[in-house]
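Undergrad: Protein chains in written order, with the UniProt record's numbering: chain A, 1 to 535; chain B, 1 to 291.
Beta carbons are placed, not taken as given, at the ideal position from N, Cα and C, and that holds for glycine.
Quick caveat: nothing in here was measured; it's all calculated off a predicted structure.
Got a structure for you, questions after.
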């Protein structure tokens with residue numbers, strides 16, 4: 001790597017990181033609400049990171065690209081645009097980061113009645129774009145319990161990553177192609193161009209609508225400052241192409257998993273994402289947003305609450321499941337770490353084998369006994385082929401096995417989030433009951449009071465309030481039952497999916513291992529007569 | 001609690017693992033010793049050496065003393081002198097084509113063998129790392145499999161077994177590569193160094209011989225100490241011719257031996273790799289259809 005390249009890379013990385021810092025500082029300012037300290041830092045970072053024409057999304061305010069005077073903080077506030085919640089920038093390897101789940105603000109969302117799954121899912125034609133694929137013979141069909149006679153299938157591909165724009169404003173656009181026979185879509189086959197923040201925007205919308213009523217929304221792939229910086233700088237080396245490929249595969253898996261969910265499939269936002277050629281820019285997919293700040297505060301409050309909520313678990317099933325998911329999470333993380341180590345070592349092995357092959361070739365050249373010289377050259381060739389083999393195997397290790405594990409670790413975090421929502425729902429219900437009780441006591445007190453002129457008015461007020469709270473209690477109970485029911489169903493579905501996914505992937509992986517060994521056999525069998533021919 | 005239980009279950013295999021590793025290392029060291037002794041025994045002159053006989057026949061402890069500090073220091077200085085001298089001597093052009101050719105060949109060969117040996121070491125070490133990773137994956141899968149007794153868990157258990165077997169095979173592959181390839185290259189690294197030393201000694205004696213000739217001419221010109229110069233010259237000449245003759249023989253032997261050793265090891269390497277790969281395929285295939 002040239003010195004100039006290195007410097008430019010570092011520079012853009014700093015710009016990019018500062019942009020994120022700028023947003024965080026702004027958030028901190030709003031959160032603390034106090035000093036101008038953070039405001040100052042925000043301003044400083046903002047000035048640094050947007051040299052001439054600031055990128056629209058980096059401005060806390062709006063999309064106007066020519067506004068460089070600095071946005072007015074008051075403009076951004078809770079403008080009711082809660083749909084732009086988003087998970088802030090996290091480093092690439094942060095499966096532990098608790099900021100994964102977009103948690104909702106306390107107010108109820110715009111009313112969306114969840115559509116119960118009404119369709120059969122026929123055998124899906126999934127095409128995973130792994131370059132060493134072995135199409136596994138799928139003889140099992142998956143059939144949902146609720147049947148309605150409707151068969152539907154949908155296949156999604158994410159392909160053709162291409163770089164759009166230059167410098168700090170550059171981004172990768174991916175082509176999303178959908179093939180389907182469903183009637184809710186306008187056409188049978190269509191494709192659109194989307195960028196990464198669009199995917200994140202979609203996820204945040206879906207999470208906002210469905211997580212708090214108990215649906216497990218598949219999490220989107222993670223943001224990565226380092227990776228994106230490489231793309232922005234425009235380095236054409238293998239690590240940035242690897243990064244883009246990794247991201248493309250992750251986006252494809254994300255979409256496929258999302259459409260597999262019968263309820264989410266019916267969602268209009270998802271349809272818009274897949275179909276419409278122009279999508280409104282998800283501007284607030286950076287750390288900053290009115291709701292984002294609120295979320296930070298809520299998360300802190302939630303963490304405290306979780307420790308204090310002592311839920312009377314009437315249903316042992318939930319406790320059991322939560323414990324199970326904890327265990328599963330731990331095991332998967334360990335396994336994931338081991339597989340990542342395997343990928344790393346196999347890449348090393350491949351590099352060392354290549355070096356050895358070259359060295360053996362040189363040795364063969366300097367050897368003056370002809371037969372031995374030829375045998376050594378052959379050995380060098382064999383080792384080179386084996387090196388290729390190792391590389392392919394490492395590739396399979398990663399894309400097939402390791403990424404699946406990563407996906408599931410994030411999914412389990414989403415599942416845990418759903419359980420937390422249920423707890424919050426229960427809390428709300430209990431709180432409503434407590435308030436109702438208080439109101440009733442107040443009413444009783446009023447009955448015994450001796451202020452005739454105010455009495456009637458107060459009594460009426462109290463009666464109204466009691467009625468109101470009674471309905472709230474009833475609603476709370478209903479909500480709680482609903483969410484419990486939904487969660488049970490979702491967890492059942494999740495388990496089935498998990499079993500299927502793991503089996504498929506592990507078998508595919510084992511097949512790749514077997515293939516590698518078979519190739520090895522071929523190579524060594526070809527070499528053996530050469531070795532024997534040394535006279 | 002569950003993790004400790006799984007660790008205990010793995011204990012007998014852990015002891016087995018340690019045994020296998022020890023055996024592998026033992027096999028490796030012993031193989032080298034055997035080669036060394038065979039070489040000495042096959043040599044027409046060395047085999048008659050008294051020390052060698054004592055080594056083979058004396059049935060009590062030989063109590064060999066290691067080199068003490070003084071001797072180690074002496075060795076160090078001797079080496080320094082030798083390498084400096086070697087540089088001077090190697091400037092002398094040799095009359096004999098055979099030796100000239102051998103010299104260039106050996107220098108180049110030695111360097112390349114050194115390189116190949118280093119790379120081969122790195123390769124075998126990577127292989128061993130991969131085998132270790134398989135081990136860890138196997139035990140993680142085992143832990144996953146012991147969560148409950150559903151279908152998926154039975155599946156995990158089977159896969160974990162497979163990884164265990166694969167790991168053993170990969171470990172053996174790495175050990176065999178080490179034995180056949182890396183050790184071979186290391187041995188020939190040292191042999192080629194020894195051959196280079198032999199050539200150096202011969203060159204040294206050639207220089208001495210030429211110096212003795214010059215001294216004789218000078219003495220004849222001055223007509224002083226002619227007899228002494230003549231005897232010196234005679235001795236040098238004899239020494240040179242003797243060393244040339246035995247060096248030639250040794251170098252030819254070196255080539256034959258090298259070819260034979262490479263052949264043997266390469267053939268064995270290929271056969272072992274084949275055996276292991278076939279075994280891996282068999283293991284995996286036996287597990288797979290049962291899913």
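With burial defined as no fewer than 16 other Cβ atoms inside 10 Å of the residue's Cβ, what is the status of residue 224(A): buried or exposed?
TA: Buried is the call here.
Undergrad: With a CB to CB cut of under 8 angstroms and the five nearest residues on each side skipped, what residues in its chain are close to residue 134(A)?
TA: Here the model assigns residue 134(A) a pLDDT of 34, short of 50, so the residue's position is not dependable and the matter cannot be decided.
Undergrad: So with Cβ pairs under 8 angstroms, would you call residue 33(B) a contact of chain A?
TA: Closer than 8 angstroms: no.
Undergrad: For residue 332(A), does the count of other Cβ atoms within 10 angstroms reach 16, so buried, or fall short, so exposed?
TA: Buried.
Undergrad: What's the gap between the Cα of residue 256(A) and the Cα of residue 193(A)?
TA: One C-alpha to the other measures close to 17 angstroms.
Undergrad: Provide the residue(s) that pair with residue 174(A) in DSSP beta bridges, ordered along the chain.
TA: Looking at the DSSP assignment, residue 174(A) forms a beta bridge with 194(A).
Undergrad: 8 angstroms is my cut-off, CB to CB: does residue 154(A) come that close to chain B?
TA: False, the Cβ-Cβ gap to chain B never drops below 8 angstroms.
Undergrad: If you count every other CB in all the chains shown that lies within 10 Å of the CB of residue 318(B), and 16 or more means buried, which is it?
TA: A query on residue 318(B) cannot be resolved here, the shown segment of chain B reaching from 1 to 291 and no further.
Undergrad: Mind listing the chain A neighbours of residue 140(B)? Cutoff is C-beta to C-beta under 7 angstroms, in chain order.
TA: Within 7 angstroms Cβ-Cβ: 331, 334, 335, 338.
Undergrad: Kindly list the residues whose CB is nearer than 8 angstroms to the CB of residue 209(B), restricted to its own chain and excluding five residues on each side of it in sequence; keep chain order.
TA: The residues are 233, 236, 237, 239, 240.
Undergrad: Distance check for residue 140(B) and residue 2(B), CA to CA, integer angstroms please.
TA: Low confidence applies here, because residue 2(B) scores a pLDDT of 48, under 50, leaving its location unreliable; read the following figure in that light. Near 12 angstroms, if we compare the C-alpha coordinates of residue 140(B) and residue 2(B).
Undergrad: How big is the Cα-Cα spacing for residue 282(B) and residue 157(B)?
TA: Approximately 18 angstroms, taken between the alpha carbons.
Undergrad: Can you find a C-beta in chain B that's less than 8 angstroms from the C-beta of residue 319(A)?
TA: Taking Cβ atoms only, chain B never reaches closer than 8 angstroms to residue 319(A), which makes this a no.
Undergrad: Does residue 96(B) come out as helix, strand or coil in the three-state DSSP assignment?
TA: Residue 96(B) falls in the coil class under three-state DSSP.
Undergrad: Can you tell me whether residue 180(A) is helix, strand or coil according to DSSP?
TA: Looking at residue 180(A) - three-state DSSP - the assignment turns out to be strand.
Undergrad: Does the structure place the segment 196 to 207 of chain B close enough to the segment 256 to 274 of chain B that three or more beta carbon pairs sit under 8 angstroms?
TA: Verdict: no, contact absent.
Undergrad: If you drop the 5 nearest sequence neighbours on each side, which residues of the same chain put their C-beta closer than 6 angstroms to that of residue 398(A)?
TA: Contacts found: 343.
Undergrad: On a Cα-Cα basis, can you pick out the residue from 411(A), 297(A), 463(A), 472(A) that is closest to residue 430(A)?
TA: With distances taken between Cα atoms, residue 430(A) lies closest to 472(A).
Undergrad: Could you tell me whether the segment 243 to 250 of chain A touches the segment 158 to 168 of chain A, where touching means 3 or more Cβ pairs closer than 8 angstroms?
TA: Yes, the segment 243 to 250 of chain A touches the segment 158 to 168 of chain A.
Undergrad: Using DSSP with H/G/I as helix, E/B as strand and the rest coil, what is residue 7(A)?
TA: Helix.
Undergrad: Hey, would you say residue 439(A) sits closer than 8 angstroms to residue 469(A), going by beta carbons?
TA: Yes.
Undergrad: Does the beta carbon of residue 95(A) sit closer than 8 angstroms to a beta carbon anywhere in chain B?
TA: The pLDDT assigned to residue 95(A) is 39, lower than 50, so where the model puts this residue is not dependable; a value taken from the coordinates is nonetheless given after this. So, not an interface residue.
Undergrad: List the residues of chain A that residue 278(B) touches, going by C-beta distances under 7 angstroms, in chain order.
TA: Within chain A, the residues near residue 278(B) are 521.
Undergrad: Tell me whether residue 402(A) is buried or exposed, calling it buried when 16 or more other Cβ atoms sit within 10 Å of its Cβ.
TA: Residue 402(A) is buried by the Cβ-count criterion.
Undergrad: By a C-beta neighbour count over all protein chains shown, 10 Å radius and 16 as the cutoff for buried, is residue 390(A) buried or exposed?
TA: It is buried - the Cβ of residue 390(A) has at least 16 other Cβ atoms within 10 Å.
Undergrad: According to DSSP, is residue 315(A) helix, strand or coil?
TA: Three-state DSSP puts residue 315(A) in coil, outside helix and strand.
Undergrad: Excluding the five sequence neighbours on either side, which residues of its own chain have a C-beta within less than 6 angstroms of the C-beta of residue 530(A), listed in chain order?
TA: Result list for residue 530(A): 375, 378, in chain order.
Undergrad: In chain order, what residues of the same chain lie with their CB nearer than 6 angstroms to the CB of residue 231(B), ignoring the 5 residues before and after it?
TA: So no residue of the chain qualifies.
Undergrad: If you measure beta-carbon to beta-carbon, which residues of the segment 142 to 161 of chain B are closer than 9 angstroms to chain A?
TA: So the list reads 143, 144, 147, 148, 150, 151, 152, 155, 156, 159, given in the order they occur along the chain.
Undergrad: Please name the residue or residues paired with residue 158(A) in a DSSP beta bridge.
TA: The partner list for residue 158(A) (beta bridge, DSSP) reads 176(A).
Undergrad: Rounded to the nearest angstrom, how far is the Cβ of residue 393(A) from that of residue 277(B), given a contact under 8 angstroms?
TA: Residue 393(A) to residue 277(B), Cβ: 13 angstroms. No contact.
Undergrad: At a CB-CB cut-off below 7 angstroms, which residues of chain B make contact with residue 353(A)?
TA: Within 7 angstroms Cβ-Cβ: 123.
Undergrad: Which ranges does the beta strand (DSSP E) cover as unbroken runs of at least 3 residues, wholly within the segment 11 to 44 of chain B, from first to last along the chain?
TA: As far as the segment 11 to 44 of chain B is concerned, it has no whole beta strand (DSSP E) run of at least 3 residues.
Undergrad: In the DSSP assignment, the alpha helix (DSSP H) including residue 53(B) goes from what residue to what residue?
TA: From DSSP, the alpha helix (DSSP H) with residue 53(B) extends over 50 to 57.
Undergrad: Within 8 angstroms (strictly less), CB to CB, does residue 77(B) reach chain A?
TA: Judged by the 8 angstroms Cβ criterion, residue 77(B) is not in contact with chain A.
Undergrad: Taking Cβ-Cβ distances shorter than 8 angstroms, what residues in chain A pair up with residue 105(B)?
TA: Residues of chain A passing the Cβ test: 366, 368.
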